[in-house]
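Chains A and B, in that order, give the protein sequences.
For reference, each letter of the first sequence is one residue, going 81 to 258 in our numbering.
For reference, each letter of the second sequence is one residue, going 669 to 803 in our numbering.
By construction, the Cβ of each residue, glycine as well, lies at the ideal position given by its N, Cα and C atoms.
The model shown is predicted, which means the values in this text are computed figures rather than measured ones.
Encoded as structure tokens, the structure appears first; notes follow it.
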Amino acid sequence: MAWTTPKTWSVDELLSAANYNTHIRDNLNALKAPPSHVIERDNTALYSTTSTTMVAVDTTNLRASITTTGGDVWVHFTGTIHADAATGRRAYFDLSIDGAAARYVGQGYAGGYCGGAVTSTIAQLVSIDWLITGLAAGAHTFDIMWMADAGTLYLHADKVDALASNEQPAVLWAREVS
Amino acid sequence: MRDVVAEFKPFNPTRLHEELLAALGGLAVGVSSGASGITLHLTDEATDEDEATALAVLEAHDPLAVTAEQAAMLQFVAAWRGGALIGKTPAQIYQVLGAQINGWASLADAKADLRDWLPLIGAALWYLLRGELDL
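Quick look at the structure:
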């Protein structure tokens, strides 16, 4: 149910069923079920990258798409990563909105939205939130971007890893929150 | 970014990245893999010819080939797993090393053991300190 900007009521105005349904019932329904897209991706294999500039992980299957009424959107990503074992690596993450370049690299942050050492062949948790403010009403897409400083990064997204403890989905969701 | 997507096949990402850099220099940004296959990331300056070169590099890529860095690590892991300390508890290692040292009859015996142990112990400590291997 779409959100409608609530009308301004006048003194002595007749409370019509149509207005009540549009501005009260429908808006409450819209608040109850805001535009959301949740992805729990089973890629049946690891994702990998050696890219030293931000690239999307998967613009087909790990892309959240929602149509907003205008305002703020909360985007969340949870993944389990590891690096190749040669030397200490660093992983960097960012967000692409509507297929544009990495958002925070574009703002001058060469390392993207966040980054950290991936110094182990043992899988490590990545959990990232973005609150994107002031998005215009309309259809929007959200892609997870990543890059390595060197070597190879892997993102777990499968149920068939050699180690059962490494079997996790890549989770991405976007929800309009205002 | 100019992306070239190819059908998935087994590959060594780090080695393939090195091969792309060798063939294309700074035009190669990296490689990724996922549901869509293998993606070769090139800069916007890359030409159709560069794209063909990248695909040829992928075609010629040997998934079993390793980088020099990977080879050194594999050599260490093989030596570690074939060594006397594998599978032992810290207390057992303490006993084994102590007994061996107490049994040294000559400087030559000591040198022979230390030549085996010290490189392994040094490398193992360094890998473990950096958290890179689950030995």
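If you run the structure through DSSP and keep just helix, strand and coil, what is residue i?
i: D209(A); result: strand
i: L252(A); result: strand
i: V745(B); result: helix
i: D671(B); result: strand
i: T88(A); result: coil
i: T158(A); result: strand
i: P758(B); result: helix
i: G771(B); result: coil
i: S245(A); result: helix
i: L765(B); result: helix
i: L94(A); result: coil
i: G693(B); result: helix
i: L688(B); result: helix
i: A740(B); result: helix
Determine which residues share a DSSP beta bridge with residue i and list them.
i: S176(A); result: D223(A)
i: L233(A); result: T129(A), A163(A)
i: A136(A); result: M225(A)
i: R183(A); result: R183(A) is not bridged to any residue.
i: L215(A); result: G151(A)
i: R170(A); result: A197(A)
i: A144(A); result: F222(A)
i: Q204(A); result: I161(A)
Which residue comes first and which comes last in the beta strand (DSSP E) that contains residue i?
i: E120(A); result: 116 to 121
i: L753(B); result: From DSSP, L753(B) is part of no beta strand (DSSP E); its letter is neither H nor E.
i: L708(B); result: 705 to 710
i: A696(B); result: 696 to 702
In chain order, what residues of the same chain lie with their CB nearer than 7 Å to the CB of residue i, ignoring the 5 residues before and after it?
i: T147(A); result: P115, G218, A219
i: N107(A); result: W83, T84, P86
i: L211(A); result: D152, W154
i: L205(A); result: T160
i: Q768(B); result: D781
i: E675(B); result: G705
i: I761(B); result: L753
i: T99(A); result: The residue asked about is misnamed: residue 99(A) is Asn in this sequence, not Thr. Hits under 7 Å: K87.
i: L786(B); result: none
i: A216(A); result: G150
If you follow the alpha helix (DSSP H) that residue i is part of, which residue opens it and which one closes it?
i: D781(B); result: 775 to 797
i: A720(B); result: 716 to 728
i: N680(B); result: Taken as a continuous stretch (DSSP letters only), N680(B) belongs to no alpha helix (DSSP H), as it is neither H nor E.
i: D238(A); result: No alpha helix (DSSP H) holds D238(A); DSSP gives it neither H nor E.
i: A269(A); result: The structure shown does not extend to residue 269(A), since chain A is modelled only from 81 through 258, so no value can be given for it.
i: A110(A); result: 106 to 112
Closer than 6 Å by C-beta to residue i: which residues in its own chain qualify, once you throw out the five before and the five after it? Chain order, please.
i: V673(B); result: S704, G705, T707
i: H117(A); result: A144, S145, I146, A254
i: P731(B); result: P678, F679, N680
i: A778(B); result: W772
i: A733(B); result: R683
i: G744(B); result: Gly is not the amino acid found at residue 744(B); the sequence shown has Phe there. These residues qualify, in order along the chain: A791.
i: D209(A); result: H156
i: M225(A); result: M134, A136, D174, S176, A182
If I'm right that residue i touches residue j with Cβ under 8 Å, what's the distance once you round it to whole angstroms?
i: L252(A); j: F157(A); result: 5 Å
i: R105(A); j: A250(A); result: 37 Å between Cβ atoms; not a contact.
i: A203(A); j: N246(A); result: 5 Å
i: H709(B); j: V135(A); result: 6 Å
i: S774(B); j: S128(A); result: Not confirmed; about 52 Å, so no contact.
i: L235(A); j: I119(A); result: That pair is no contact at about 13 Å.
i: D716(B); j: L695(B); result: That pair is no contact at about 12 Å.
i: V260(A); j: G192(A); result: Residue coverage of chain A in this structure runs from 81 to 258, which leaves residue 260(A) outside it and unanswerable.
i: L233(A); j: R169(A); result: 7 Å
i: A739(B); j: L692(B); result: Going by Cβ atoms, the distance from A739(B) to L692(B) rounds to 23 Å, so no, they are not a contact pair.
i: V697(B); j: T139(A); result: Contact doesn't hold; Cβ gap of about 16 Å is too wide.
i: L788(B); j: A747(B); result: 6 Å
i: D223(A); j: S258(A); result: The pair is not a contact, with the Cβ atoms about 22 Å apart (cut-off 8 Å).
i: A171(A); j: G188(A); result: About 20 Å separates the two Cβ atoms, so there is no contact after all.
i: T221(A); j: D178(A); result: 6 Å
i: L829(B); j: V699(B); result: Missing from the structure shown is residue 829(B); chain B here goes from 669 to 803 and no further.
Give every residue of the same chain whose Cβ lies closer than 8 Å to the Cβ of residue i, excluding the five residues on either side of it in the sequence, and list them in chain order.
i: V764(B); result: A752, L753, K756
i: E686(B); result: T735
i: K239(A); result: D122, T124, E247
i: T88(A); result: none
Can we count residue i as close to the ligand ATP, meaning its CB is less than 7 Å from some heavy atom?
i: S131(A); result: This structure lacks the ligand ATP; in fact it carries no ligand of any kind.
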